[in-house]
Structure formats: structure tokens, C-alpha cells
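Participant:
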Amino acid sequence: MVRGKAVKQAVLFRKADMLILMFWGMAALILFLLSARGIGGDPSGACLVIISGNETVGRYELDKDQTIRIGEGNTCEIKEGSVRMVSADCPDKLCVKSHGISKPGESIVCLPNNVILKITGQKGDADIDAVSE
Amino acid sequence: MTVLLFLLLFSACFLSGCGAGESASGTGIYFDTVVDIKIYGDDPEELLRGCFDICRDMEKTLSAHDEESELYKLNHRSPDTHDIEVSHDLAECISMGLYYSEASDGAFDITVLPLRELWDFESEDPSVPAKEDIEEALEKVDYRRVHVDADTVVFDDPDTMIDLGGIAKGYISAKLKEYLVSKGCSSAIINLGGNVSTVGRKDGGSRWKVGIQKPYAERGTVFDTVEIENECVVSSGTYERYFTEDGREYHHILDTGTGYPVESGLWQASVIGEDDILCDALSTICIILGREASESLIEKEGWNADVLYIDQDLSPSWYGEKP
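Those protein sequences? They're chains W and H, same order as listed. Position 122 (the first sequence) corresponds to 121 in numbering that gives the first Met the number 0; numbering is contiguous. Position 40 (the second sequence) corresponds to 39 in numbering that gives the first Met the number 0; numbering is contiguous.
Written out as C-alpha cells, the structure reads:
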């Protein structure tokens, strides 16, 4: 009698199991797809982030050459995986004189216009975290 | 078996959703400085917002150039005002500045603003001021004419003006660290325009690697690297701002004795320690006093810091141990 009850329970469990497994399986799949999309295809790849007035105003892959206008005063350019500020209406033009950037952690700053071009992406373990200057 | 499968799927789901360690990073410009912050741990986005709120507050308090700031209003008080009640942050920062002015016997002087404004290294085309103008400005420089009593700043002289440039970044990074630690954060790196400060170790458990800028080299060129935890690295150098006139170089670290740029034989000093404010003030003090005098001052005051001195032929020497 005891044995018979156990068998009946086991059968019930199996139906519920299937439903739970399917539910979690679907949930895992959806979350996995979402996170993969969030990374943007290339998990270690460098990406240009444009910050203007302390707000992020755009993100761009480096593999497509293009010219991007930032607000009224600045224009930057992505060319062959490197980013430069090509024009700015600030007085010192330090940003335009800056060298091109392409590696995660590098940046070009236009202080007067409050514009930052920054390369984000995964840094290697051997890379330094910051530079004291 | 069922439970095991359930757990496996559950954890797989979790991992794919969040990744192993959460982190958030942000960049902005506050007090004419690029602020870069990266935070690891729980709720990093919220902590990041909290940090930038502090930066916004500090910008309105400690900037000497922003005409809306509390410090600007303090410096442009009416001539018959002797004492002014200010915010706790401003009073505390001035009071810390006075401490380092006193300790260095005025070599580091927070009332240097009239002299600094005269030289105007930030202008598009700076030039050497006339000798009599320098002498006139020098007369207004004396930290002993400012006092802080609780949150009230007392001026003995209507011409005294305060510049917290040599200490404000250290004060702000100390505030950010204090905030992060109070919220339970155990891993973060804060870069305030080259003042690099850290909370704990890097997410992976290793110490933070911080490069030290090579003087007069292209920005980002690393002279040496240190590995730190909970500490900060602050560098001061003659290369940060300078101009050339008649074949002579004039840099922005001014001698409050002569009114001209200091000549201590150093190109750069980098200070490493746990006290952000000390490191910020000390990096400037080291350039002004030179190696020997600054080392004896550190000993005398019992300050806890390591210093990398780089002299004019790029040869390095350490006070304390290289971390």
C-alpha cells in the first residue's frame, strides 16, 4: 500500500517536472539572448562612447567609418578603427590636436564644450587601470 | 535528481542574466576636471549616481573659477565683511588647506590666488607679469590672515583670496571614498583628472595597477607603475601647465617667496598613501620644497606616504617603498 502511493506520486512529479523544466529552460534562453545582445556581438570589442554635458549621447562600433556631429560645436570621425576630433569651436582646440584613440580606456576631452570621446571595452589583465598625471 | 536539475537550470539562468561580478562606470566633467569612476559590487549604478551627485555638489562649493560657486562668492565678498558662515564642506576644506599651509610654513599657501590670477596660466596666451605687479600680488598672499572657526571663515584682510586647487580634488575623492565605503562598496576606482584613488582591491582580487605619467611625454605615456589597494596616487609636475617666453620655461607651480615659478630641480612628484587630502597637498609641497626639505617635513609630521621624485634629468628616486 505504501509502495503504491509512492509510485503514484512519482508519476505526478514527472508531469510537473516537465513544466518546470520547460519554464526555466525558456527563461534561461531568453536571458542568455538578451545579455548577448547587450554586449553588442563582440564581447571584448572596443566601442566609442560620446558624452556631452555629462550625458551619454551615443555609442558607436569602430568598424564602420563615419563622421559624427556632437551638439553645436564638435565633430568627430571614426576612420579605420581610430577616433579623432576633427573640428571644435572651443578656444584652445586641444581636443582637435589630440592623437587618435582606439584602445579601451583612451579618451579625448574638450573641456570648454564639456564633450568626451571615450573608448570602452574589455581591458586585458596586464593593462593598467588608470594613469596618475 | 529533480532538485539537482532544478538548481542547475536556476543557476544557469542567473548567470546568463547578470554575469559574475556587477560593475558600473561613468565619466563626466566637473570642476574643470574629467571625472572617471568605476564601481564593482551590488547596485553599482545607484552608487555611481550618488558619486556624481557629490561631484555636482562639490563643484558648486569648491571651485574658485565658477562664478556661481560658494568659494567664488567668498572671495568676492564686500570689503567690510570680516566673517562669513559657509557650508561645512567649504569650512572643512579651507581648514585642511590651512593645516598644510602652516605645516609647510607657507610654501604651500591657499591664499596664492591673487598671484595665480596674475600669471593666468589658463589663458590662451600667458606671459610673464611685470615685476611690480608680482610684488603687489605677493602682498596679498598670506595664509595667516584667514581663520576657520567651526563653519565660519574669518578674514583679517579684505584682499585675501582663497584657492583650493591644491587640495580640492583630494578632498572630493576622500568624500567619494567615504560615501562608497559607507554604502558597503568594497571595490572602486576614482580618477579625478589624474588623481587616482581606490577602494579595496580590483573585482578579481588583484591590486589596482596605476601608471605614473612620464613628465613632458605624450599624455598617457607611463613612467612607472605601482600596485595599490585602498590607496591613492597623486602626481604634480611642472609639465602640467607651462609656457615659454624668451627661451625660458615658466611653469604653474609658484614660489610664494619670490612670486615666480619654483626652482627645486624637480619635474614631478607622485605621492602614494591612504589619505587622499594629504597626498594631494603633499604632491605640490614636494615640488615646491624639493626632495630633501620635503622628506624631512614628512618625517617631522609623521605623514604616512611614499613619494616618487623625478628630477630634471628624468632620474627617479623613492622616499619610502615603491608599492
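Cβ coordinates follow ideal geometry from the N, Cα and C atoms, glycine included.
(1) Quick check on DSSP: helix, strand or coil for W/Gly37?
(2) How about H/Ser269 and H/Leu296: do their beta carbons lie closer than 8 Å?
(3) What residues from the segment 64-83 of chain W come within 8 Å of chain H, judged by C-beta to C-beta, listed N to C?
(4) Can H/Asp108 and H/Val140 be called in contact, C-beta distance under 8 Å?
(5) Just how far apart, CA to CA, sit H/Leu137 and H/Leu117?
(6) DSSP three-state label for W/Val1, please.
(7) Where W/Ser97 and H/Ile284 are concerned, what is the direct C-alpha to C-alpha distance, given to the nearest angstrom?
(8) Mind the definition here: the segment 26-46 of chain H touches the segment 186-206 of chain H only if three or more C-beta pairs lie below 8 Å; say whether that holds.
(9) For a quick check, are the C-beta atoms of H/Gly49 and H/Tyr178 less than 8 Å apart?
(10) Please list, in chain order, the chain C residues whose beta carbon lies closer than 8 Å to that of H/Asp31.
(11) Does the Cβ-Cβ distance between H/Gly169 and H/Ala63 come in under 8 Å?
(12) Secondary structure at H/Leu97, three-state DSSP: helix, strand or coil?
(13) Roughly how far, in whole angstroms, is the beta-carbon of H/Leu175 from the beta-carbon of H/Ile53, given that I think they are within contact range, below 8 Å?
(14) Could you check whether the Cβ of H/Asn190 sits closer than 8 Å to any Cβ belonging to chain W?
(15) Decide if H/Asp132 is buried, meaning its Cβ has at least 16 other Cβ atoms within 10 Å, or exposed.
(16) Let's test the definition: count the other Cβ atoms within 10 Å of the Cβ of H/Glu67 and tell me whether it reaches 16, buried, or not, exposed.
(17) Using a C-beta to C-beta distance shorter than 8 Å, which residues of chain H count as neighbours of W/Lys117?
(18) Put W/Ala129 into one of helix, strand or coil per three-state DSSP.
(19) Among H/Val209, H/Glu217 and H/Thr159, which has the Cα closest to the Cα of H/Ser77?
(20) Since W/Gly72 and W/Arg83 should fall inside the 8 Å C-beta cutoff, what is the C-beta to C-beta distance between them, to a whole number of angstroms?
(21) For W/Cys46, write down the residues that DSSP places opposite it in a beta bridge.
(22) What residue range does the beta strand (DSSP E) around H/Asp31 cover?
(23) For W/Leu20, which of helix, strand or coil comes out of DSSP?
(24) For H/Ser100, I'd like the list of residues in its chain whose CB is within less than 6 Å of its CB, leaving aside the five on either flank, ordered along the chain.
(25) Between W/Ala87 and chain H, is the shortest Cβ-Cβ distance under 8 Å, so that the two count as touching?
(26) Rounding to the nearest angstrom, what Cα-Cα distance links H/Glu84 and H/Leu97 in this structure?
(27) Measuring CA to CA, which of H/Asp148, H/Tyr241 and H/Glu135 is closest to H/Gly258?
Facilitator: So, to answer that:
(1) With a pLDDT of only 47 at W/Gly37, under the threshold of 50, the placement of this residue in the model should not be trusted; the figure read from the coordinates follows. Look at W/Gly37 here: in three-state DSSP terms it is helix.
(2) No, these two residues do not count as a Cβ contact at 8 Å.
(3) From the segment 64-83 of chain W, no residue has a Cβ closer than 8 Å to chain H.
(4) It is a contact, given that the beta carbons lie within the stated cut-off.
(5) For H/Leu137 and H/Leu117, the distance between alpha carbons rounds to 10 Å.
(6) Residue confidence is low: W/Val1 scores 48 on pLDDT, short of 50, so the model does not pin down where it sits. Its coordinate-derived value is still stated next. DSSP places W/Val1 in helix when its eight states are reduced to three.
(7) Counting only the Cα atoms, H/Ile284 lies some 30 Å from W/Ser97.
(8) Using a Cβ-Cβ distance cut-off of 8 Å, the segment 26-46 of chain H and the segment 186-206 of chain H are in contact, since at least three pairs of beta carbons, one from each stretch, lie closer than that value.
(9) Contact: yes.
(10) Here chain C cannot be found, since the structure's protein chains are W and H.
(11) Cβ distance not < 8 Å, so H/Gly169 and H/Ala63 don't count as in contact.
(12) In the structure shown, H/Leu97 sits in a helix (DSSP, three-state: H, G or I).
(13) Under the criterion of beta carbons closer than 8 Å, H/Leu175 and H/Ile53 qualify as touching, at roughly 6 Å.
(14) Output row for H/Asn190: interface = yes.
(15) Classification of H/Asp132: exposed, given that the 10 Å Cβ count is below 16.
(16) With fewer than 16 other Cβ atoms within 10 Å, it is exposed.
(17) Under the 8 Å cutoff, chain H gives Thr26.
(18) Residue state for W/Ala129 is assigned as strand, using DSSP reduced to three classes.
(19) Ranked by Cα distance from H/Ser77, the options H/Val209, H/Glu217 and H/Thr159 are led by H/Thr159.
(20) So it is not a contact: roughly 16 Å between Cβ atoms.
(21) Bridge pairing for W/Cys46: W/Glu60 and W/Thr119 [DSSP].
(22) Per DSSP, H/Asp31 lies in no beta strand (DSSP E) and is assigned neither H nor E.
(23) DSSP places W/Leu20 in helix when its eight states are reduced to three.
(24) Scanning its chain for C-beta atoms nearer than 6 Å, with the 5 sequence neighbours on each side dropped, one finds around H/Ser100 the residues Phe107, Asp108, Ile109 and Tyr142, in chain order.
(25) With 8 Å as the cut-off, W/Ala87 does not count as an interface residue toward chain H.
(26) If you take the alpha carbons of H/Glu84 and H/Leu97, they lie about 17 Å apart.
(27) Between H/Gly258 and the set H/Asp148, H/Tyr241 and H/Glu135, the nearest pair of CA atoms involves H/Glu135.
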